Amino acid sequence: MELHSPLTAVKGIGEAKAKLFAAKGIHTVEDLLMTFPRSYQNRGNITPLRECTDGEVYSVVVRCTKLPTVGKTYTGIELLRMNAEDDTAPITVTFFGKRFLAQKIKPGRYYRLYGRIQMGLFGAEATSPDIEPILPESPLRDILPVYPLGEGLNQNLFRSAVENALPALKGVAEYLPEDLRKTFHILSYTETLYKIHRPANMEELEQAKRSAAFRELLIFRLALRKMRHAKEDATAVPMVPMESKLLPNLPFKPTGAQAKAIRQITEDLAKPIPMTRLVQGDVGSGKTIVAAAALELCAGNGMQGVLLAPTEILATQHGEKIAAYLEPLGITTALLTGGMTKKQKTMVKERLATGEIQVLVGTHAVLQEDVSFASLGLVVTDEQHRFGVRQRSALLEKSELGAGKRAHMLVMSATPIPRSLSLILYGDLDVTVLDELPPGRQTIDTLVLTPKDRKGIYGSILRQISQGGQAYIICPLVEENALAEEKSPKKAAETYFRELQCGAFAGIPMGLIHGKQSPAQKAQAMEDFAAGRTKVLVSTTVIEVGVDVPNANVILIENAECFGLSQLHQLRGRVGRGSRKSFCVLVNGSGKPCERLNVMKESSDGFFIAKADLEQRGPGDFFGERQSGELVLRTASLTDMPLIEETGKAMEYLLPEIGHEKYIALNKQAIRMVKQAGSGKTLN
Ligand code: ADP
Ligand code: MG
């Protein structure tokens, strides 16, 4: 068995089990070992029963006091009752449907239980805890990994698979020089992986986590450095500034901030070095027109430009807008998305290659295809934070034009990226902030309500509709890896839609949009809503970013407590885009107060909210980790400044030392890492 062996090489894994793992993207032994635990259980910390606080999770060691009894609940479920004690108190343990335990639990023997302990009237109680017999010949492990599971997998199966795969680490080559590891106290590669899965104690675990994070961050930074170097040496085709025909013909006047951004971009583009500029502006600040002006200039200079969006829905919307803006000026535009037919795509690609299409709008999927441009001059990415590292590097590759030439890059994001992070991610990136909203916008009233208030909410929405408004209703969330079919987001959205259509919103034209629909269905639903043919759009979070229907003025978000702050802010940004007074209703379904919802109620400032989000949850959300399943880093945190500094030193140490070959080897590792980062495996 080696790292690249198929999973069936692991003892105990046959074809059937391998399939379950494959569904999670785990195909090889290496995939398995690179799936890091989501968390750990520390079972080595034994608490005397009497010291347990009611309702908390503990590890306790007890002696069985009498033969377990088997019975049935009044609903007919089989149960097994075990009586036990430690030196401080008795405990009654109930297991459901685990009859086989009756033969295994013997009076006088010792067991370790791990689970929630209830302190009842008659002593301690526990229901279905994990139970392990304490036997002198096989000592128990204190720290148990908890893996991210998929359908049909359970912790025991996962744990034993990993256990049996660990021998494959033997002989795996180390890629960091020994003295570097010594200087920075980094475990060897194999030791790191081994201890991530099988730490003997907390100290070992911390050491392994730090080593893993260090390695990951170092490699990540080396990879980015390489990208940056390629960029720094590059030249770009300068574009001659021209009078815009687009801006004077808009139904509105650009804000001061928009005008400034366009001016800066015009200056950047006039230089023979590639522009790398981030335009950062809160939801609704009007980034699209800035992109359109840049694309106009690019086309005016006889070069091709491309505008990329993270979702098909947004790409389609942008496609229409850009066409409406630029086609009247004689600029040929086109849309290219993954959902188009092969024939359509081929046609667009041909027209791109000949240079006939001057401005292309598309999803990142276009980058994965064999798209070639006749003369690419400018790449614009909207909602940049939603693109993963992999997509970013693909983007950079696309903008490399050969012979040291590079296209200009403009990235747009509503999510402010803290300076420390942007330095790592982009190096020296020029930033323009759109710190001004278009005139005439009214503040959005944000209400936090409970499911009990729903009737009243529906009534208020109906009133808004009767006054000409429109509403988004964001469906209740379903658990991400929900097993049951009826729990799938598609089903949930459809059920909710029908419920509303037959109930509160009977007679109101409604639309439904979710991720499982065909691109045509999605486009139709969006179009109907944008044109006002439907008044209510029931949606999953697919409309989260970028969607612009200025007439929509209410957004109702079910289970708002399940969303992150940045996501809520983005969702809320779907309204308040026109002159109508807008409302955002956050339904807290948890029955508990939720701090995040209060932040939303208090602030509409994206920068403030992003900061609060970063503090609460770390940087994951900045990179769309949760939403898109694309993860930048699995073990390292981009807010871990001490570790970032350490890896900075390590880079200085490493770069002069290593020869070309080693550097390439490291970069191969880096590319692998970046690829793996895309498979959404996490370690907390
Ligand atoms: P975002 O920054 O969220 O991408 P958009 O570019 O989608 O924002 O713009 C939001 C809305 O504001 C759009 O309907 C757009 O037409 C409008 N808009 C943009 N700039 C202005 C402006 N200067 N004055 C009035 N409305 C504007
Ligand atoms: Mg936008």
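When you read off a place in the sequence shown, starting at 1, and then add 7, the result is the number in the numbering used here. Think of the CB as a built atom: it goes at the ideal place given N, C-alpha and C, for glycine as much as any other residue. None of the values given here were measured: they were computed from a predicted structure.
Closer than 6 Å by C-beta to S12: which residues in its own chain qualify, once you throw out the five before and the five after it? Chain order, please. V36
Distance check for A264 and L336, CA to CA, integer angstroms please. 24 Å
Please indicate yes or no: does the CB of A330 lie closer than 7 Å to some heavy atom of the ligand ADP? The answer is no for A330.
Please report the straight-line C-alpha distance between L328 and F380, rounded to a whole angstrom. Leu is not the amino acid found at residue 328; the sequence shown has Lys there. Rounded to whole angstroms, K328 to F380 spans 22 Å at the Cα level.
Residue environment, M533, which counts as buried when at least 16 other CB atoms sit within 10 Å: buried
Confirm the yes/no value for this check: CB of P13, any heavy atom of the ligand ADP, distance under 7 Å. Flag unset: Cβ of P13 not near the ligand ADP.
Alpha carbons only, please: which of C305, E213, T323, M347 is nearest the one belonging to I364? C305
Among residues of its own chain, excluding the 5 on either side of V386, which ones have a beta-carbon nearer than 6 Å to its beta-carbon? V313, S406, A414, M416
Report the rounded CA-to-CA distance for G580 versus N560, giving the unit in angstroms. 10 Å
Would T72 be called buried (16 or more neighbouring beta carbons within 10 Å of its own) or exposed? exposed
Identity of the residues DSSP links to T134 by a beta bridge: T101, per the DSSP bridge assignment.
DSSP bridge partner residues for S546 (one or two, in chain order): Answer by DSSP bridge pairing, in chain order: I481, I520.
Which partner residues does G288 have in the DSSP bridge list? According to DSSP, G288 bridges with L441.
Where the beta strand (DSSP E) containing A316 begins and where it ends: 311-316
From I550 to S420, what distance separates their C-alpha atoms? 16 Å
Same chain, Cβ closer than 7 Å to Y65, five either side skipped, listed in chain order: Within its own chain, the residues whose Cβ lies closer than 7 Å to the Cβ of Y65, once the five positions on either side in sequence are excluded, are T54, C59, I124, listed in chain order.
Helix, strand or coil at L27 [DSSP, three-state]: Three-state DSSP puts L27 in a helix.
Among all residues, which have a Cβ less than 6 Å from at least one non-hydrogen atom of the ligand MG, and in what chain order do they fall? That query returns the following residues: K294, T295, D389, G553.
Buried or exposed, going by whether 16 or more other CB atoms sit within 10 Å of the CB of K529? buried
Ordered along the chain, which non-local residues of its own chain (more than five positions away) have a Cβ less than 6 Å from that of A25? L14, T15
Locate the beta strand (DSSP E) running through H415, then write down its first and last residues. From DSSP, the beta strand (DSSP E) with H415 extends over 415-420.
Straight-line Cα distance separating G157 from F28: 8 Å
Is there at least one non-hydrogen atom of the ligand ADP closer than 7 Å to the beta-carbon of Q265? Correct: Q265 has its Cβ closer than 7 Å to the ligand ADP.
Given a cut-off of 8 Å on the beta-carbon distance, is the pair R88 and T99 in contact? yes
I'd like to know if the segment 459-472 and the segment 296-305 are in contact, where contact means that at least 3 CB-CB pairs between them fall below 8 Å. no
Sorry if obvious, but does the Cβ on G580 come closer than 7 Å to a heavy atom of the ligand GDP? Among the ligands modelled here, namely the ligand ADP and the ligand MG, the ligand GDP does not occur.
Around the C-beta of N161, are 16 or more other C-beta atoms found within 10 angstroms, so that it is buried, or is it exposed? By the 16-neighbour rule on beta-carbons within 10 angstroms, N161 is exposed.
Under 8 Å, do A619 and I562 count as touching if we go by C-beta distance? no
Can a CB atom of chain D be found closer than 8 Å to the CB of P281? Among the chains of the structure shown, chain D does not appear; only one protein chain is present.
Can you tell me whether M89 is helix, strand or coil according to DSSP? Strand at M89.
Does any heavy atom of the ligand ADP sit closer than 7 Å to the C-beta of R584? True, at least one ligand heavy atom lies under 7 Å from that Cβ.
Proximal residues to V554 (C-beta, below 8 Å), its chain only, five neighbours per side dropped: Only I320, L321, Q324, M533, R581 meet the Cβ criterion.
For C509, count neighbouring Cβ atoms within 10 angstroms of its own Cβ and tell me buried if that reaches 16, exposed if not. exposed
Q125: first and last residue of the uninterrupted alpha helix (DSSP H) it sits in: From DSSP, Q125 is part of no alpha helix (DSSP H) but of the beta strand (DSSP E) over 117-127.
Can F259 be considered in contact with the ligand ADP, in the sense that its beta carbon sits closer than 7 Å to one or more heavy atoms? Under cutoff, so the answer is yes.
Go to C71, then tell me how far its alpha helix (DSSP H) extends in each direction, as first and last residue. First-last for C71: 63-71, but that is the beta strand (DSSP E), not the alpha helix (DSSP H).
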